[in-house]
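Colleague: Under the numbering used here, think of the first position of the sequence shown as 30, with each following residue one higher.
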Amino acid sequence: MRPIGITANVVAPGAVETDASAHLPEEAKRSISSFTPLSRIGQPIDIAGVTAFLASDDSRFVTGTYTPANGGFTME
């Protein structure tokens, strides 16, 4: 991987509002939101920003990362 500049990184999204999650009852959405320090469900743009960075030349020295994009759900 090194000689040709390939990097390997993981983006681990939390709950994200999409067409697939639109059917969830509001009570379920509130419950999910209550478990994240940011108190909300993510939007696609929240994940897109992280992904765009890792796919860009700006991250050329970043490899082997696991990046949670989940509103702090996995914070310790």
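Built from N, CA and C at the ideal position, the CB exists for glycine as well.
Helix, strand or coil for A98? Go by DSSP, reduced to three states.
Modeller: Position 69 of the sequence shown, counted from the start, is the residue given in the question as residue 98. Strand.
Colleague: Could you check whether E55 and I70 sit closer than 7 Å to each other, using their CB atoms as the reference points?
Modeller: By one-based count along the sequence shown, residue 70 stands at place 41. By one-based count along the sequence shown, residue 55 stands at place 26. Contact flag unset, no.
Colleague: To which residues of the same chain is P42 closer than 7 Å at the C-beta, ignoring the five residues directly before and after it?
Modeller: Start at 1 with the first residue of the sequence shown, and residue 42 comes out as number 13. Only G71, I76, A98 and N99 meet the Cβ criterion.
Colleague: Applying the criterion that 16 or more other CB atoms from any shown protein chain within 10 Å of the CB defines a buried residue, is A44 buried or exposed?
Modeller: Translated into positions along the sequence shown, residue 44 becomes position 15. A44 comes out buried.
Colleague: Could you give the distance in angstroms between the alpha-carbon of S60 and the alpha-carbon of I74?
Modeller: Translated into the one-based positions of the sequence shown, residue 60 becomes position 31. Translated into the one-based positions of the sequence shown, residue 74 becomes position 45. Distance between the alpha carbons of S60 and I74 is about 22 Å.
Colleague: Which residue comes first and which comes last in the alpha helix (DSSP H) that contains A41?
Modeller: Taking the first residue of the sequence shown as position 1, residue 41 is located at position 12. Note, A41: premise wrong, no alpha helix (DSSP H); beta strand (DSSP E) at V39 to P42.
Colleague: In three-state DSSP terms, what is V79?
Modeller: One-based indexing of the sequence shown puts residue 79 at position 50. Residue state, collapsed to three classes: helix.
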